[in-house]
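See below for the structure under consideration.
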Amino acid sequence: MAINDFIPTVWSETLYNELNKEYIGVSNCNREFEGDIRSKGDTVRIAGIGKVNVFDYSKNADFSSTLQTLDSTTRQLQITQAKAFNFQIDDIDKAQQTPKLMKQAMRQAADALADAADRYVYSLWSEISEENVIQKQTVSHADMIDLLLTAREKLLANNVSANADTVLEVSPAIASMLLKAKILQSSDNEQALTNGYLGNFVGFDVYVSNNIAKADDGTDQLYHKCLARTKRAIAFAEQINSVEAYRPEKRFADAVKGLHLYGAKIVYPKEILLLDLGVQFEFV
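Structure follows, in structure tokens:
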């Protein structure tokens, strides 16, 4: 790709598409919001409405309830993350490339940006209230059924609809235990299979990600911060702010730099649980 053939809007769209292919944590967030993100520190408005009242109806009688005016709610999501990339491809390499090195490099950039964004989403475990934490000191595959049933029961007790899209996101070590427990049902969702999807159990679509947070308790335990949540529990907003091509002054090379801005926030705190699962180091 010659520098004069570079079309920023096309490559920004390409980067978006590649990001979406790599996302796991982000793909399980609510991503439809108002806002024009231009820089770190910007805010995005998250609009919502209150509950709709339901009342008894009697034939040939006036409504027993007055006309309800719905309450509107607006939350602010701040863009706190700014990640950039800046790489070059030497003219000699470019002349010999088969397939195109620039396309490969952009895919690698998308992979790195997606990893960073997923890690940020999973770092929100620290904001989950204690009442929504399910902890197990030393977990094994024999515990998996009870843990997932407990998580499902807790979400239902929090008034999460039984028909809501709910996901369970686990680390590779916990995923191995789920597979050993032989409880996951397969799915025909081919797209999900490309994004860490393992299967379904008691209403949870289960995903595995190496970006799940872990924390050392100071002994021989490493706690894996797995999440059980609805797909609207966390809001995520992003913008590929800029993708630019240029010729470095002191190099015979084409270079590309880009800026990825984003933020995430727990907006439905009762619809997200932390499964704080202790795994001994030798199993990791």
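Going by our numbering, the letters in the sequence shown line up with residues 23 to 306, in that order.
We put the CB at the ideal spot given by N, CA and C, even for glycine.
Since this is a predicted model, take the numbers as computed values, not measurements.
Query: Rounding to the nearest angstrom, what Cα-Cα distance links Pro-121 and Ser-264 in this structure?; Result: Interpretation of Pro-121 is limited by its pLDDT of 48, a score under 50 that renders its predicted location unreliable; the figure taken from the coordinates is listed afterwards. When rounded, the distance between both Cα atoms is 25 Å.
Query: Measuring alpha carbon to alpha carbon, tell me which of Lys-247, Glu-260, Leu-89 and Phe-226 ends up nearest Ala-287.; Result: The sequence shown places Lys at residue 287, not Ala. Nearest option by C-alpha distance: Glu-260.
Query: In terms of residues, what are the limits of the beta strand (DSSP E) holding Glu-260?; Result: 256-268
Query: For a test of the three-state rule: what should DSSP assign to Arg-174, helix, strand or coil?; Result: helix
Query: Please list the terminal residues of the continuous beta strand (DSSP E) segment that includes Ile-288.; Result: 275-288
Query: Relative to the C-alpha of Gln-98, which residue among Asp-298, Leu-171, Ala-250 and Arg-67 is closest?; Result: Arg-67
Query: Quick one: using the 10 Å Cβ neighbour count with 16 as the cut-off for buried, is Thr-91 buried or exposed?; Result: exposed
Query: Return the residue from the list Asp-238, Leu-299, Ala-203 and Asp-242 that minimises the CA-CA distance to Phe-223.; Result: Ala-203
Query: In terms of residue numbering, what span does the alpha helix (DSSP H) encompassing Gln-243 cover?; Result: Element bounds for Gln-243: not the alpha helix (DSSP H) but the beta strand (DSSP E), 243-252.
Query: Which of the three DSSP states, helix, strand or coil, is assigned to Gln-157?; Result: strand
Query: Is DSSP giving Leu-220 helix, strand or coil here?; Result: strand
Query: Quick check: Ile-150 and Ile-294, are their CB atoms within less than 8 Å of each other?; Result: yes
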